[in-house]
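*Asks:* Residue numbers (my numbering): 5 to 440.
Where is the CB? At the ideal position from N, CA and C, for every residue including glycine.
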Amino acid sequence: MNPTTESAVPVAAPTAPEAPRRRRVHRAWIVAAVTFVTIIGGAAFNSLPGLLFDPLRDDFGWSRGQIGLAVSIDMALYGLTAPFAAALMDRFGIRRVVAAALSTVAAGALASVWMTAAWQLMLYWGLLVGLGTGSMALAFSATVTNRWFVARRGLVTGVLTAAGASGQLVFLPLCAWIVDRHGWRPASVTVALAALVVVPFVWLLMRDHPADVGLAPYGGDYVEKPAPTRGAARRTLRVLFEAARTGPFWLLAGSFAICGASTNGLIRTHFVPSAHDHHMPITAAASLLAVIGIFDIVGTVFSGWLTDRFDARRLLAVYYALRGVSLLFLPLLMQPTVQPPMVFFIVFYGLDWVATVPPTLALCREQYGEDSAIVFGWVLASHQVGAALVAFLGGVARDYFGTYDVVWYAAGALCAVAALMVLVIRRGAAEVRLVA
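Structure representation (structure tokens):
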């Protein structure tokens, strides 16, 4: 071969390597971050009521029953609004509903600074805050997750579920310190500002659907934004009426009402004033309550793991039975200072706090199939109604008996009833076929 022929072949000059492209953060993560912060801001109010029983009684002479009634209205409206929250977001959009809800919470908390009568407490704390927080219930995080994520949906759901506990962890010690040093009014203003500060972030960064910004959901394919859904609220009511004709619904709703009574209604509302009755500083009691939020996250994740492997009925029975036993011992643990047995109670109660949710949801899915999400929304409403009743009746009992002891014993007995209720739920789908 002629060497000159080879040398005539042109050789391409080496090119410089391409600079690596910068990977932009998907908009879905920004929306999830705004959702997380929003839930924390909305959860600020939940940290406040239990701290204000004594200050409001000292300032206005209101009974614990009157203050508990306002808290119960808030909890009941939260629960009854929650099943319709998803329908509101489908109809009017996430951004509008959440911004309006945060503004409503802020208005209720801020207006309470100028209240002078008990009916105003029920209007501001009960009605306004209840409607606002109910519109940002579990439907908010579920709607964001379903629209913006296909991949990592479980991770995002877990993180957003933890936001409520994170808000409690942040605001409980802060609000307790403010109440202790500066009074209840600055604490109420702090809660209002926490809600208002989030509104601009929601309005500027939140979008209702990935198609609004020309994107596919994270890990999925591009889909057009659906038209606003009509009739979702009617279907929500229709499913309730059909489910109410089945026995499992009442067993699930009744047991979950006791769950709410023994958590939000009892511990979240009355633990701090009860500890203060035993001369424990309000800041120490609030810090103990905040610790529940840490173990709440751990307990919920572990309970989900157990639910995949064991019978949900038996898990719920164990959860309720152990919760009831712990409440029977609580009056013996109340001391002016925090002792190791009280710390053990707080850790245990945190692990058990929302551990009931995964098996309850699994039983709803088993019994009601495609309609299980809506049925669970109504079961969650019963949770809040149970919490509302005990928030009110716990205050009345304290006024009448002069101590919370009878409240703890009664709640322990109710938990035993809940354990029996879940054990008698039969396997298999409910007899009445629900609306598709």
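Please report the distance separating the alpha-carbon of alanine 257 from that of arginine 28.
*Replies:* Position 253 of the sequence shown, counted from the first residue, corresponds to residue 257. Position 24 of the sequence shown, counted from the first residue, corresponds to residue 28. Their backbone Cα atoms lie some 45 Å apart in a straight line.
*Asks:* For phenylalanine 275, name the three-state secondary structure that DSSP assigns.
*Replies:* The count along the sequence shown starts at 1 and reaches residue 275 at position 271. Phenylalanine 275: helix per DSSP, three-state reduction.
*Asks:* Looking only at its own chain, which residues have a Cβ that is under 8 Å from the Cβ of isoleucine 182, when we skip the five neighbours before and after it?
*Replies:* What you label residue 182 is simply residue 178 of the sequence shown in a count that begins at 1. Within the same chain, isoleucine 182 has close Cβ partners Pro190, Ala191, Thr194.
*Asks:* Along the alpha helix (DSSP H) that carries leucine 355, what are the first and last residues, could you check?
*Replies:* Working through the sequence shown from its first residue, we reach residue 355 at position 351. Note, leucine 355: alpha helix (DSSP H), 344–357.
*Asks:* Leaving out five residues before and five after glutamate 228 in sequence, what residues of the same chain have Cβ atoms less than 8 Å from its Cβ?
*Replies:* For the purposes of this step, residue 228 is taken as residue 224 along the sequence shown, with counting starting at 1. Ala215.
*Asks:* Tell me the DSSP secondary structure of phenylalanine 314 in three-state form.
*Replies:* Within the sequence shown, numbered from 1, the residue matching residue 314 stands at position 310. Residue state, collapsed to three classes: coil.
*Asks:* Do aspartate 212 and arginine 369 have their beta-carbon atoms positioned less than 7 Å apart in this structure?
*Replies:* Start at 1 with the first residue of the sequence shown, and residue 369 comes out as number 365. Start at 1 with the first residue of the sequence shown, and residue 212 comes out as number 208. No. Outside cutoff.
*Asks:* Can you tell me whether valine 38 is buried or exposed, with buried defined as 16 or more other CB within 10 angstroms of its CB?
*Replies:* The count along the sequence shown starts at 1 and reaches residue 38 at position 34. Classification for valine 38: buried.
*Asks:* How far does the alpha helix (DSSP H) with tryptophan 118 in it reach, from first residue to last?
*Replies:* Numbered from 1 along the sequence shown, position 114 holds the residue referred to as residue 118. Unbroken run through tryptophan 118: none, as it is neither H nor E.
*Asks:* Considering only their Cβ atoms, is the gap separating leucine 92 from valine 276 smaller than 7 Å?
*Replies:* Taking the first residue of the sequence shown as 1, we reach residue 276 at position 272. Taking the first residue of the sequence shown as 1, we reach residue 92 at position 88. Going by C-beta atoms, valine 276 is not nearer than 7 Å to leucine 92.
*Asks:* How big is the Cα-Cα spacing for proline 21 and alanine 90?
*Replies:* To locate residue 21, count along the sequence shown from 1; it is residue 17. To locate residue 90, count along the sequence shown from 1; it is residue 86. Legend: pLDDT at proline 21 = 48, less than 50; position of this residue unreliable, value from coordinates given subsequently. Taking the straight line joining both Cα atoms gives about 50 Å.
*Asks:* How long is the line joining the alpha carbons of arginine 490 and valine 133, rounded to whole angstroms?
*Replies:* The requested residue 490 does not occur in the structure, where the chain is confined to residues 5 to 440.
*Asks:* Check whether the Cβ atoms of glycine 297 and alanine 199 sit closer than 7 Å, and answer yes or no.
*Replies:* Here residue 297 is taken as the residue at index 293 of the sequence shown, counted from 1. Here residue 199 is taken as the residue at index 195 of the sequence shown, counted from 1. Going by C-beta atoms, glycine 297 is not nearer than 7 Å to alanine 199.
*Asks:* Out of Asp58, Leu125, Val389, point me to the one whose CA is closest to glycine 112's CA.
*Replies:* What you label residue 112 is simply residue 108 of the sequence shown in a count that begins at 1. It is Leu125 whose Cα lies nearest to the Cα of glycine 112.
*Asks:* Would you say valine 243 and isoleucine 350 are within 7 Å of each other, going by their C-beta atoms?
*Replies:* Taking the first residue of the sequence shown as 1, we reach residue 243 at position 239. Taking the first residue of the sequence shown as 1, we reach residue 350 at position 346. Against a cut-off of 7 Å, the Cβ pair of isoleucine 350 and valine 243 comes out as no contact.
*Asks:* Quick one: residues in its chain with C-beta nearer than 6 Å to the C-beta of alanine 167, no 5 flanking neighbours on either side, listed in chain order?
*Replies:* As a working mapping, residue 167 is identified with position 163 in the sequence shown. Same-chain partners within the cutoff: Phe40, Ile43, Ile44.
*Asks:* Assign arginine 327 to buried or exposed, taking buried as 16 or more other Cβ atoms, counted over all protein chains shown, within 10 Å of its Cβ.
*Replies:* Numbered from 1 along the sequence shown, position 323 holds the residue referred to as residue 327. Result: buried.
*Asks:* With distances taken from CA atoms, which of Leu270, Ala110, Phe153, His387 is nearest valine 443?
*Replies:* In the structure displayed, the chain extends from 5 to 440; residue 443 sits before or after that span and is not available.
*Asks:* Answer with buried or exposed for tryptophan 309, where buried requires no fewer than 16 other C-beta atoms within 10 angstroms of its C-beta.
*Replies:* Mapped onto the sequence shown, residue 309 falls at position 305. Exposed: under 16 other Cβ atoms inside 10 Å.
*Asks:* With a Cβ-Cβ cutoff of 7 Å, do valine 154 and glycine 218 count as a contact?
*Replies:* Along the sequence shown, one-based indexing puts residue 154 at 150. Along the sequence shown, one-based indexing puts residue 218 at 214. No.
*Asks:* If you drop the 5 nearest sequence neighbours on each side, which residues of the same chain put their C-beta closer than 7 Å to that of histidine 387?
*Replies:* Within the sequence shown, numbered from 1, the residue matching residue 387 stands at position 383. Here the set comprises Gly83, Phe260, Ala261, Cys263, Gly264.
*Asks:* Measure the beta-carbon distance from aspartate 184 to threonine 341 and round it to whole angstroms, keeping in mind my assumption that it falls under 8 Å.
*Replies:* Here residue 184 refers to the residue found at position 180 of the sequence shown. Here residue 341 refers to the residue found at position 337 of the sequence shown. That belief does not hold up - the Cβ atoms of aspartate 184 and threonine 341 are roughly 16 Å apart, past 8 Å.
*Asks:* Residues in its own chain within less than 7 Å of valine 361 by CB, not counting five upstream and five downstream?
*Replies:* Here residue 361 refers to the residue found at position 357 when the sequence shown is read from its first residue. Answer for valine 361: Thr304, listed in chain order.
*Asks:* Figure out for me which residue from Gly390, Ala196, Gly416 has the closest Cα to the Cα of alanine 105.
*Replies:* Locating residue 105 in the sequence shown gives position 101, counting from the first residue. Selected option, being the one with the closest Cα: Ala196.
*Asks:* When DSSP labels each residue in this structure, what does tyrosine 323 get in the three-state scheme?
*Replies:* Indexing the sequence shown from 1 puts residue 323 at position 319. Correct three-state label for tyrosine 323: helix.
*Asks:* Closer than 6 Å by C-beta to alanine 422: which residues in its own chain qualify, once you throw out the five before and the five after it? Chain order, please.
*Replies:* Within the sequence shown, numbered from 1, the residue matching residue 422 stands at position 418. The answer, listed in chain order, is Ser259, Ile262, Tyr324.
*Asks:* Where glycine 97 and proline 87 are concerned, what is the direct C-alpha to C-alpha distance, given to the nearest angstrom?
*Replies:* For the purposes of this step, residue 97 is identified with residue 93 of the sequence shown, where counting begins at 1. For the purposes of this step, residue 87 is identified with residue 83 of the sequence shown, where counting begins at 1. If I take the Cα positions, the gap works out to 16 Å.
*Asks:* Nearest to alanine 2 by CA position, among His280, Trp412, Arg272, is which residue?
*Replies:* No information on residue 2 is available, as it lies outside the stretch 5 to 440 that the chain covers here.
*Asks:* State the beta-bridge partners of tyrosine 222 as determined by DSSP.
*Replies:* Start at 1 with the first residue of the sequence shown, and residue 222 comes out as number 218. In the DSSP output, where bridge partners are listed per residue, tyrosine 222 has Phe153.
*Asks:* If we count the other Cβ atoms within 10 Å of its Cβ and call it buried at 16 or more, is alanine 188 buried or exposed?
*Replies:* The sequence position of residue 188 within the sequence shown is 184, counting from 1. According to the sequence displayed, residue 188 carries tryptophan and not alanine. Tryptophan 188 should be labelled buried.
*Asks:* What's the gap between the Cα of alanine 316 and the Cα of alanine 122?
*Replies:* To locate residue 316, count along the sequence shown from 1; it is residue 312. To locate residue 122, count along the sequence shown from 1; it is residue 118. Roughly 43 Å between the two C-alpha positions.
*Asks:* Is tryptophan 66 helix, strand or coil by DSSP?
*Replies:* Translated into the one-based positions of the sequence shown, residue 66 becomes position 62. The answer is coil: DSSP assigns tryptophan 66 none of H, G, I, E or B.
*Asks:* Can you tell me where the alpha helix (DSSP H) holding glutamate 370 begins and where it ends?
*Replies:* Here the question's residue 370 lines up with position 366 in the sequence shown. 361–372 is the span of the alpha helix (DSSP H), which, as asked, contains glutamate 370.
*Asks:* Write down every uninterrupted run of the beta strand (DSSP E) in the stretch 50–100 whose length is 3 residues or greater and which is fully enclosed by it, in chain order.
*Replies:* With a minimum length of 3 residues, no continuous beta strand (DSSP E) run stays inside the stretch 50–100.
*Asks:* Determine the DSSP secondary structure at valine 29, reduced to helix, strand or coil.
*Replies:* Position 25 of the sequence shown, counted from the first residue, corresponds to residue 29. Valine 29: coil per DSSP, three-state reduction.
*Asks:* I'd like the list of long-range same chain contacts for histidine 186, defined as Cβ closer than 8 Å, with 5 residues on each side in sequence excluded.
*Replies:* Taking the first residue of the sequence shown as position 1, residue 186 is located at position 182. Around histidine 186: no qualifying Cβ.
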